Structure formats: C-alpha cells, structure tokens
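Residue numbers (the working numbering): 57 to 469.
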C-alpha cells in the first residue's frame, strides 16, 4: 500500500524558515551540546518540581512526615498526627530520602555547588569521600565522641593533607582531646604503610613523595589556588582577561609571589581569628567556623583544582539556611543572599557551556573562580563575626525539628 507524498513547502517558505533560525535550532538541539543542555533543563525541572510536588497532601505527605521524625529523633507514631503513620517501622526509615528531598536546604546548596561536586564524578576523584570523613569526624567530636571523630578526621588528613588544618583549629578552640586523638590517628594512618612496605622502603617512598611535591603542579588555568592567582598576575605579569587559556604554566619562582601568598594567608588567618574571637554559642557559629577552615584549606595550598571545592556544600548550606531563617535579622539575610548570588554567578561565568570555551578559559586565567570563593569566604567571616547580633535565638540551621539544642560549647562541657 502506497500513500501520497506530503506536499513540499514553497521554496520561499523554506528559505524563510532557515533564515529565522529554524534549521539552525534543530541542528543545535540534535548536537551533543544541545542534548546536554536539554538534559540539564529536565533535571532542574524534575528536581525543583519534585520538591514542590512532594509537599502536596496525601500519602506522600505522610512519607515526608515519617522521614522527618526519623531524622529529628522523634517518635514515629506518637509524634505523628493520629492515624497518619500506619506503616511498619522499616518503612519510616525508607522515607528518610524523601524527607531530605523535600528540604530546599539540601537541594539549593547542591545546585550552588554542582559544578564542583559533579567534577568529582567526571574525574573519579576522592574529594567527596574525604569531605564526608572530615565532616563526620568534626560532628562526632562535637558530640564528645572524640575517639571515633579523631579516627575519621585522622584518616582524612592522612589521605590528603588539606584536612590537617583542622588540627590547629581544634587546638585554638581548646579541644585538647579531639586534637590529640586526631593527631595520633593521623600519625598512625600515615605510618601504617610500613606494615606493607617495610621500614626502609617506606622512608624511600616518603623521600620520593617529597621530590614530587617540590616539582609543583604549575599555575595554568586548572589551578585556582590563591598562589596560582598571584603567580599568574605578579610572577608572569598576565593581564586579567588578556590571556587565552593555557593548561600548564610553570611556576615563576618569584619571591614576590611567595610574599603575596603568605601575606594573603596571614590576612585571612587574622580575620578568621578576629571573627572566631568569641566561643561559638550556637550551631550556626560552629558550622560557619568549619566552613571557613574548609575553604582556607582548599584555597591556600599550592594547588587547588575545582573539584577540591566540593567542600562548598557546607558553607552554601549554612548560608542558605541562614538566608531562609526567620531567626536571622533581615539586613543579615540581605547580605547573605547577595554573597551567595554573586559567588554563584561569578562561578557560573567560567562554565564553557554557558559562555563558550574561549571566554571561560580567559576567566579562569583571570582567577575569577578564586575570587568568587574568596567572596563566599568573606561572607562567612562576616556572618560569624556578627552571629550574636544577627541571630535572634540559638536555632540550628535547617530548622531542626527537635527544637533548639544546647549550644555546642555547652554540649562540650
């Protein structure tokens, strides 16, 4: 059976459609870049939509309620509305992921940090695991479980030295036991390869590792540390936005760069000590301090790949929760919202899919991502320094369902 062929459009119409970009749009939508952006749009729509739809009444509302009760430590039956939770206890545990997805405090910080978090999956890096280990160790130590916390934190430090900055932080906070257990665990994990390689081979490996470290990583566009920023600007004299993307640039070796790097670190450390001058009286302050240490540890080493900034999950979560909290003063919420927006937009400017590969590379050579993270760091330092006057009560971030807990300093005593 044959059918009639469809009539062809007049030539002038076909030309008009092409002139109006119809063919070009179709080609872009079927190209890999177009399909990628369509997928991103669908994922954002699904993620945001799910967080809205999950709030609707019905069984799903009961699922979210059950999951929230598990997270808050409440009674999954007695603390629920009468007749709401009719499911077995195991079902309530399964509802925990739904309760987390219903919280904007989880979704929005994840979107704000997506570029750095997803980079760990793209390149199969371990930074997310180390971030989880470090954060778990700190949380355990805050609950006086110093041995387990020290083991978790020490394991993270022995794997990558960035987390080692938390040891002097614990000393500064006079958390002597936590600092001691973490130091001992770090030493034990660091020396444990002797059990596999033997004494002589182990120290031979340590010496070879030091040689590798001394060789450096270069200061090309991929390295977004503060050191690389100063080296590109001072050591190599690169004009911001005036240099095309270069993957590898050898370190200049300039003493001025070293001086600028050390001076920057001293200034940031001084501001951190000033903002930390009072003992944290609530969880807001303690989490802000942890966030500051995470960012400093990532930015002020000799190398900082963007995947290292997966740790921005914590500062973005803390500041976004403060931005949404009715217990934070309106002027503070305005400052926090501005910091989050500016930092996010500046970081997004370096996305090749958004501004093109050429401009994105120029922005990276100009250290725009580094500046965006420094802005976030400045916002955290301001929030911590003014925590007492900006927060109306000792509320926990993300609206802890269990009510206000005792301040961290009280818990430790």
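Beta carbons are placed, not taken as given, at the ideal position from N, Cα and C, and that holds for glycine.
All figures in this text were calculated on a predicted structure; none of them were measured in a lab.
Under the rule that 16 or more other beta-carbon atoms within 10 Å means buried, what is residue i, buried or exposed?
i	result
residue 338	buried
residue 113	Model confidence at residue 113 stands at a pLDDT of 49, short of 50, so the residue's coordinates are unreliable; what they give is reported in the following sentence. Label assigned to residue 113: exposed.
residue 413	exposed
residue 247	exposed
residue 334	exposed
residue 219	buried
residue 273	buried
residue 316	buried
residue 197	buried
residue 382	exposed
residue 120	buried
residue 332	buried
residue 270	exposed
residue 360	buried
residue 341	buried
residue 322	exposed
residue 214	buried
residue 407	exposed
residue 364	buried
residue 392	buried
residue 134	exposed
residue 257	exposed
residue 174	exposed
residue 176	buried
Are residue i and residue j closer than 9 Å when you measure CB to CB?
i	j	result
residue 205	residue 243	no
residue 281	residue 357	yes
residue 389	residue 379	yes
residue 428	residue 289	no
residue 233	residue 345	no
residue 347	residue 405	no
residue 329	residue 261	no
residue 123	residue 136	no
residue 362	residue 172	yes
residue 287	residue 310	yes
residue 377	residue 183	no
residue 421	residue 297	yes
residue 275	residue 306	yes
residue 138	residue 372	no
residue 327	residue 375	no
residue 430	residue 343	no
What residue from the options has the CA that sits closest to residue i's CA?
i	options	result
residue 237	359, 389 and 200	200
residue 167	394, 304, 270 and 403	403
residue 442	397, 142, 385 and 430	385
residue 398	434, 267 and 285	434
residue 396	407, 420, 369 and 408	369
residue 231	202, 215 and 129	202
residue 426	312, 175 and 284	284
residue 126	175, 152, 142 and 138	152
residue 304	416, 373 and 279	279
residue 314	169, 295, 336 and 291	291
residue 299	175, 438, 419 and 268	419
residue 192	177, 208 and 181	208
residue 387	438, 149, 411 and 415	438
Taking the alpha helix (DSSP H) that residue i belongs to, which residues open and close that run?
i	result
residue 402	386 to 404
residue 263	255 to 271
residue 318	311 to 331
residue 197	183 to 198
residue 278	Careful: residue 278 lies outside any alpha helix (DSSP H) and carries neither H nor E.
residue 302	No alpha helix (DSSP H) contains residue 302, which DSSP labels as neither H nor E.
residue 140	Residue 140 -> no alpha helix (DSSP H), and no H or E assigned at all.
residue 345	339 to 355
residue 223	222 to 228
residue 431	424 to 441
residue 247	232 to 247
residue 374	369 to 380
residue 417	413 to 421
residue 208	202 to 215
My understanding is that residue i touches residue j, with C-beta atoms under 8 Å, so please give their C-beta distance in whole angstroms.
i	j	result
residue 144	residue 132	The Cβ separation is near 10 Å, so there is no contact.
residue 302	residue 324	At roughly 27 Å, the Cβ-Cβ gap does not stay under 8 Å, so residue 302 and residue 324 are not in contact.
residue 212	residue 239	That pair is no contact at about 13 Å.
residue 223	residue 235	6 Å
residue 186	residue 216	6 Å
residue 277	residue 417	6 Å
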